[in-house]
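Numbering (the working numbering), first residue to last: 201 to 434. Everything below concerns the one structure shown next.
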Ligand SMILES: [Zn+2]
């Protein structure tokens, strides 16, 4: 009799636990979006509005001869993100002056720190208009992580969701390519409903709802997790 009751309890508890996990998963993904896409940078945690590419990327390499073995790896990293984002990539010749996305192979890095990779982006009216990657060819141990991580920065994810299983996190050093969460984050940022210039609080709420749709969350979980989001803490 006692064991039968115990089984009933376990059966009753399992769905509750699963629901809690699903809600936690959505909350974690929404937090990762806020931290990655709605902050100016790690050095400046000020909340920022949505910014993303709205036009094709015109990709050129400044000095491919400096690391000929890394050209296609870097190009693939950019194109893998663009494919998820639905952004067209046009391949241009070396130093094409019409390029808006330029890759430099730079052993010193922009700020002169050995081993650093670096990305910068510029936007007009919240639409990204120029991106630069500085890929350090001396960083042999995880050059694929470097190319993907920095490319994500140049696609509008300025900062780092350290608690998430993301190639953007400093905690998950094992991540060298896009994680399933990264794919969800890219699809969310580049969802047409998330318009450039949307302010942090409404962007956070809408991004959360889009993530919930993608993750198959229940309407009650989406409402509970997304309703009162205010964006990343300033
Ligand atoms: Zn970074």
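Just so you know, even glycine gets a beta-carbon here, dropped at the ideal spot from N, CA and C.
>> I'd like the span of the beta strand (DSSP E) that includes residue 329, first residue to last.
In response: Here the beta strand (DSSP E) through residue 329 covers 327-335.
>> By the DSSP assignment, the beta strand (DSSP E) with residue 291 in it spans what residues?
In response: For residue 291, the enclosing beta strand (DSSP E) covers residues 289-291.
>> Less than 7 Å separating the Cβ of residue 373 from some heavy atom of ligand 1?
In response: False, no ligand heavy atom lies under 7 Å from that Cβ.
> Looking only at DSSP bridge pairs, what is residue 247 linked to?
Replying inline: Residue 247 pairs with 239.
> Since residue 252 and residue 402 are thought to touch, with beta carbons under 8 Å apart, how far apart are those beta carbons, to the nearest angstrom?
Replying inline: With 8 Å as the limit, residue 252 and residue 402 do not qualify as a contact, their Cβ atoms being about 15 Å apart.
> Who pairs with residue 258 in a beta bridge, going by DSSP?
Replying inline: Answer is 290.
>> With the cut-off set at 8 Å, would you say residue 360 and residue 372 are in Cβ contact?
In response: With respect to residue 372, residue 360 sits apart: the two C-beta atoms are not nearer than 8 Å.
> Between which two residues does the alpha helix (DSSP H) harbouring residue 424 extend?
Replying inline: Taken as a continuous stretch (DSSP letters only), the alpha helix (DSSP H) holding residue 424 covers 419-426.
> Just checking, does the segment 328-336 make contact with the segment 289-297 on the three C-beta pairs under 8 Å criterion?
Replying inline: No, because fewer than three Cβ pairs between the segment 328-336 and the segment 289-297 fall closer than 8 Å, the two stretches do not touch.
>> Among 399, 261, 266, 256, whose alpha-carbon lies nearest the alpha-carbon of residue 283?
In response: Measuring from the Cα of residue 283, the nearest candidate turns out to be 256.
> Mapping DSSP to helix, strand and coil, what is residue 321?
Replying inline: Here residue 321 carries a strand assignment [DSSP, helix/strand/coil].
> If you draw a straight line from the C-alpha of residue 344 to the C-alpha of residue 410, how long is it?
Replying inline: Spanning the alpha carbons of residue 344 and residue 410 requires a straight line of approximately 29 Å.
> Can you tell me the Cα-Cα spacing of residue 383 and residue 229, whole angstroms?
Replying inline: Taking the straight line from one Cα to the other gives about 11 Å.
> Can you tell me the Cα-Cα spacing of residue 205 and residue 224, whole angstroms?
Replying inline: In this prediction, residue 205 has a pLDDT of 40, which is less than 50 and means its spatial position is unreliable; what the coordinates show is noted afterwards. Between residue 205 and residue 224, the alpha-carbon positions lie close to 29 Å from each other.
> With a CB to CB cut of under 8 Å and the five nearest residues on each side skipped, what residues in its chain are close to residue 430?
Replying inline: 400, 401, 404.
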